[in-house]
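For reference, the structure discussed in these notes is given below.
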Amino acid sequence: MSIKLDNRHLYLQVIDRIKNDIDNGIYKEKEKLPSEFDLARNLGVSRATLREALRILEEENIVVRRHGVGTFVNAKPLFTSGIEQLNSVTDMIQQAGMSPGTIFLSSNVNSATEDDIKRFSCEKQDEIIMMERVRTANGEPVIYCIDKIVSHILPSSFSHEEESLLDYLNKRAGRDITYAITHIEPLGYHEKISPILDCEPETALLVLKQMHYDQDDHPILYSLNYFKADKFDFHVVRKRI
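Letter by letter, the sequence shown follows residues 19 to 259 in the numbering used here.
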């Protein structure tokens, strides 16, 4: 059916047509689309109309345009979660039917900084444990994690091999994490973290900065989680009050 039999704006028709072609496997993940000239001719639209459609598709993370190379189909996210749900990374990976894993990078014990004292409401003499880990799904690195916690909260038997800190805190430390305050920031290519996660140069990161609290509103765990934006899709339900 000709794209011009639709009464909507042409660029909207082009968007739907390209999405349908991707869904139907005509264009596969990470595959290069035809040139703008060929694609516009095949769809029977101007290159200006096609470019507007591609611009919106890129904003929606459906395609990615590489200057001087072409337009490619983005891989669909492997993981999706409501941002209002406080799931552990381990649970999120398992719910996607994949096997979670951990690559331990480092662990340090330092005196509390001014930021730590404000963040944890702790004392200046308290020590803070900071851990760096990479979380994997079926062996593929997908999240770079920095976790900070006041040292006396963790039992002496704590092992860095623990997969889920939230589960460990609940089962071994008697700290039931009930909620977290989260700040979300988009981030482009990061010189240190992006190579660790095997990111393409154009792959963005999504950073979740979270302070976790227990049932008594005590701050317990501060996390910086760097997610590969092409692997994760977070959404939130907003209600009018």
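Every residue gets a Cβ at the ideal spot worked out from N, C-alpha and C, and that includes glycine.
Do the CB positions of residue i and residue j come within less than 8 Å of each other?
i	j	result
Val-152	Lys-249	no
Leu-223	Asp-165	no
Gly-192	Gly-157	no
Ile-33	Ile-74	yes
Val-91	Leu-51	yes
Arg-83	Glu-77	no
Asp-185	Ser-106	yes
Ser-182	Thr-108	yes
Ala-58	Leu-72	no
Take residue i and list the residues in its own chain whose beta-carbon comes closer than 8 Å to its own, dropping the five residues that flank it on each side.
i	result
Ser-125	Ile-147, Met-148, Met-149, Glu-150 and His-178
His-27	none
Met-116	Leu-96, Ala-155 and Asn-156
Glu-102	Val-254 and Val-255
Ile-199	Gln-228, Met-229 and Tyr-231
Using 10 angstroms around the beta-carbon of residue i, count the other beta-carbons present and answer buried if the total reaches 16, otherwise exposed.
i	result
Asp-232	buried
Val-63	buried
Gln-143	exposed
Ala-66	exposed
Ile-211	buried
Lys-246	buried
Ile-171	buried
By Cβ distance, which residues of its chain are closer than 6 Å to residue i, with the 5 residues on each side in sequence left out?
i	result
Ala-114	Leu-96 and Phe-97
Leu-205	Leu-223 and Val-225
Ile-259	none
Glu-145	Val-127 and Ser-169
His-201	Lys-227
Glu-203	Val-225
Look at the alpha carbon of residue i and the alpha carbon of residue j, and state the distance between them as a whole number of angstroms.
i	j	result
Leu-226	His-85	29 Å
Met-19	Ile-36	Summary for Met-19: the model assigns pLDDT 43, below 50, so the residue's position carries little reliability; its value from the coordinates is reported in the next sentence. Approximately 14 Å, taken between the alpha carbons.
Tyr-197	His-230	6 Å
Glu-141	Ile-80	48 Å
Ala-93	Pro-219	15 Å
Asn-243	Ser-174	25 Å
Asp-234	Asp-194	9 Å
Asp-133	Leu-215	28 Å
Ser-139	Thr-131	11 Å
Asn-128	Val-168	10 Å
Lys-189	Glu-54	56 Å
Gln-228	Phe-252	15 Å
Val-87	Phe-122	37 Å
Arg-137	Ser-241	11 Å
Tyr-207	Glu-47	21 Å
Met-110	Cys-163	14 Å
Tyr-29	Thr-221	25 Å
Pro-237	Lys-257	27 Å
Leu-104	Asp-56	46 Å
Cys-217	Phe-176	31 Å
With a CB to CB cut of under 7 Å and the five nearest residues on each side skipped, what residues in its chain are close to residue i?
i	result
Gln-112	Pro-118
Glu-70	Tyr-29
The alpha helix (DSSP H) with residue i in it runs from where to where?
i	result
Asn-38	28–41
Gln-112	107–113
Pro-213	211–214
Asn-79	Looking at the DSSP string, Asn-79 is not in any alpha helix (DSSP H), and its letter there is neither H nor E.
Start and end of the beta strand (DSSP E) containing residue i?
i	result
Ile-164	158–168
Tyr-207	Taken as a continuous stretch (DSSP letters only), Tyr-207 belongs to no beta strand (DSSP E), as it is neither H nor E.
Asp-232	223–232
Tyr-186	Segment 183–189 is the alpha helix (DSSP H) holding Tyr-186; no beta strand (DSSP E) there.
Glu-49	Taken as a continuous stretch (DSSP letters only), Glu-49 belongs to no beta strand (DSSP E), as it is neither H nor E.
Would you say residue i faces chain B, with C-beta separation under 8 Å as the test?
i	result
Lys-142	Absent from the structure: chain B. Only one protein chain is present.
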